[in-house]
Amino acid sequence: MSWVRCDKGHYYDDERHSSCPYCGVEEVSVDVSTFRSGEDIKASAANSQGERGDENEKTVRLGEFKTVGGSEEGETVALVRSNLGMDPVTGWLVCIDGPEKGRDFRIRSERNSIGRAPTNDICLRSDETVSRIHHAYVIYDPKKAAFRLQAGEGRGLVYKNGEEVVFSEPLEAYDVIELGRTKLLFVPLCGERFKWE
Amino acid sequence: MLLGNAQHKGKRREQQDSFAISDVSDAIFVEKGGILAALADGMGGMSLGREASALAVETMLESYAAKEDSESVDEALMRSLSRANMAVVELARKHDLEGSVGTTMIAAVIFRGGLYWISVGDSRIYLCRDGRLIQLTADHTYASELYEEASIGEISWNDALLHPQRGALTSFLGMERIPIVDRNAQPLSLRDDDRVLLCSDGLYRGLLSEEIVEEMRLSPREAAERLVLRVLAKDLPHQDNVTAIVLAPMELSFAYYEVERPVGGMSHVVGEVR
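Taken in sequence, the protein lines are chains U and F. The numbers in the numbering used here rise by one with no breaks, and the one at position 14 of the first sequence is 10. The numbers in the numbering used here rise by one with no breaks, and the one at position 76 of the second sequence is 79.
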């Protein structure tokens, strides 16, 4: 946990929120249809991050860890964490409709719970139609470098591009996740073109 | 964690509460002025309630930051409050809504282990000590006046309790002259396990004292978050905006102690906050 102060004098946990949750989000209008494929954005993000990835490979003595880790590639996440000294972002959810419209949320490795209470990894505090805890999960599988959306344990349903997610569904860039009155656009960082090493 | 804050819109369309806490990692400021927390609950149509409370809090912090060593904490608080009032009056004047745009204001300072406060309106500052909740500020509402009149027999208790205007504020920022200001000139000296709570009416109208005390046993950060969640969990029909700030004195006086030593002082304070 890291407790930081925003410009306006609010304190918040910057591992849970990528920007101050108490500062009002200015009214913005977002039209999903204007995102054609999102390829441009994705490519530029992957490129700029790719350089940093190379840098990390040099500094973290990766080969050493890999031989030690052996076949258990799933453990690389733990290694990434200890090597980088942090739990790096793997993608984002951007609220395009609902009370948090305009705000972005960070997705990290493995299971990310979505809910209304601040104990969730992704906290939609202003949408009272979202379950308090574990309405849904966004999962990043570091082994496959792939994302999935999984339904939660509560009563509230979760939709992917308008279809109910019963168990779990793979997530692709610019899929729209809907829970309660909130719509979230999925924007990956990790995938085929970039991975934290 | 020496401080916590939490906020929710409740069932209102807009967040009209504003709050801010001074930078606790700023060693120079801490030495001069301690830690300042300010909270305001705005009122007025359109977006003016929100604007008024945000402006008041911002002005309060800015003005207080200009405090010099020669100025006492209570003087600095009073000066900052006047500045905040002028700013809100100006805002109302700009929209030709003088007297109907305004905001409450509560501010608390912990300076060298002592608590100073100032209040206008019906937001509250509480001291939580030994499992008891002590309200440090009075509510500047018409209800308070009505109760006084009822208690001396000028009006009946029924008239007092059912008066339609009983919730109206009798003192707030945005008035040409503020009729009532609650403040203390002598600091209240805090004990290590004391907690100070600043909150808007959306919080205290929904929770019993016992419920507040229960949550105040947690760390300030958890306490603030749990208090807001607890009132929301009641799902009250017209839940107002809720804001809570919780301050603990122990580490603050410790922080000050560290600041006095020039080497390593500042980085230590930063470490405490994070």
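For glycine and all other residues, C-beta sits at the position ideal for the given N, C-alpha and C.
- Residue contact check for ASP204 of chain F against chain U: no CB pair falls below 8 Å.
- In the displayed model, ILE110 of chain U falls within a strand according to three-state DSSP.
- Residue pairing by DSSP places SER192 of chain F opposite F:GLY117 in a beta bridge.
- At a beta-carbon threshold of 7 Å, the residues of chain F lying near TYR18 of chain U are GLN10, ordered along the chain.
- Beta-bridge pairing by DSSP links SER122 of chain F to F:ILE109, F:ASP185.
- Shortest Cα-Cα distance from GLU34 of chain F to any of F:LEU58, F:VAL60, F:LYS70, F:LEU139 involves F:LYS70.
- A direct Cα-Cα distance of roughly 24 Å separates ASP197 of chain F from LEU64 of chain F.
- Under the three-pair Cβ rule at 8 Å, the stretch 166 to 178 of chain U counts as touching the stretch 122 to 138 of chain U.
- DSSP places TRP160 of chain F in the uninterrupted alpha helix (DSSP H) bounded by 160 to 165.
- About 6 Å separates the beta carbon of ALA111 of chain F from that of VAL199 of chain F, a gap short enough to meet the 8 Å contact definition.
- In the structure shown, the three-state DSSP call for TYR133 of chain U is strand.
- At a cut-off of 8 Å between beta carbons, SER109 of chain U makes no contact with chain F.
- LYS12 of chain F is classed as buried because its beta carbon has at least 16 other beta carbons within 10 Å across all chains shown.
- Of all residues in the stretch 122 to 140 of chain U, the ones placed with a Cβ closer than 7 Å to any Cβ belonging to chain F are SER122, in chain order.
- Contact between LEU80 of chain F and TYR119 of chain F holds, since their C-beta atoms are separated by about 6 Å, short of 8 Å.
- Taking 8 Å as the cut-off, the beta carbon of LEU206 of chain F is found closer than this to the beta carbon of ALA247 of chain F.
- ASP238 of chain F counts as exposed, since fewer than 16 other C-beta atoms from the protein chains shown sit within 10 angstroms of its C-beta.
- In terms of CA proximity to LYS140 of chain U, U:PRO166 leads the group U:PRO166, U:ARG99, U:TYR133, U:TYR155.
- Between the C-alpha atoms of CYS186 of chain U and THR86 of chain U there is a straight-line separation of about 5 Å.
- Excluding sequence positions up to five before and after ALA57 of chain F, its CB lies within less than 6 Å of the CB of SER21, all in the same chain and listed in chain order.
- In the structure shown, ARG233 of chain F falls within a helical segment according to DSSP collapsed to helix, strand and coil.
- The C-beta of GLU151 of chain F comes no closer than 8 Å to any C-beta of chain U.
- Counting only the Cα atoms, ASP99 of chain F lies some 43 Å from ARG115 of chain F.
- Distance from the Cα of MET219 of chain F is smallest, within the candidate group F:SER83, F:GLY36, F:LEU136, F:VAL91, for F:LEU136.
- The C-beta distance from ASP125 of chain F to ASP142 of chain F rounds to 4 Å, short enough to meet the 8 Å contact threshold.
- When 8 Å is used as the limit between beta carbons, GLU228 of chain F is near these residues of chain U: PRO114, in chain order.
- Non-local C-beta neighbours of ARG169 of chain F in its own chain, meaning closer than 8 Å and more than five positions away in sequence, comprise THR144, TYR145, ALA146, LEU149, ALA163, ordered along the chain.
- Close CB contacts of GLU106 of chain U within its chain, under the 8 Å cut and outside five residues either way in sequence, are with VAL73, ILE135, TYR136, ASP137, PRO138 (chain order).
- For ARG177 of chain U, not one C-beta of chain F is nearer than 8 Å to its own C-beta.
- Taking 8 Å as the threshold, the shortest C-beta distance from ARG12 of chain U to chain F does not fall below it.
- The CB of ASP26 of chain F comes closer than 8 Å to the CB of ARG1, GLY5 in chain U, given here in chain order.
- A Cβ-Cβ distance of about 5 Å is found for the pair PRO223 of chain F and LEU6 of chain F, placing them in contact under the 8 Å criterion.
- Setting aside the 5 residues that flank it on each side, GLY45 of chain F is surrounded in the same chain by GLN19, GLY52, ARG53, ALA55, SER56, THR106, each with a C-beta closer than 6 Å to its C-beta; the list follows chain order.
- Considering only F:ARG132, F:GLU17, F:GLU213, the residue with the shortest C-alpha distance to LEU250 of chain F is F:ARG132.
- Every alpha helix (DSSP H) of 4 residues or more that sits fully in the stretch 13 to 82 of chain F is shown, in chain order, as 30 to 36, 51 to 68.
- Taking C-alpha positions only, GLU78 of chain F is separated from ASP195 of chain F by approximately 25 Å.
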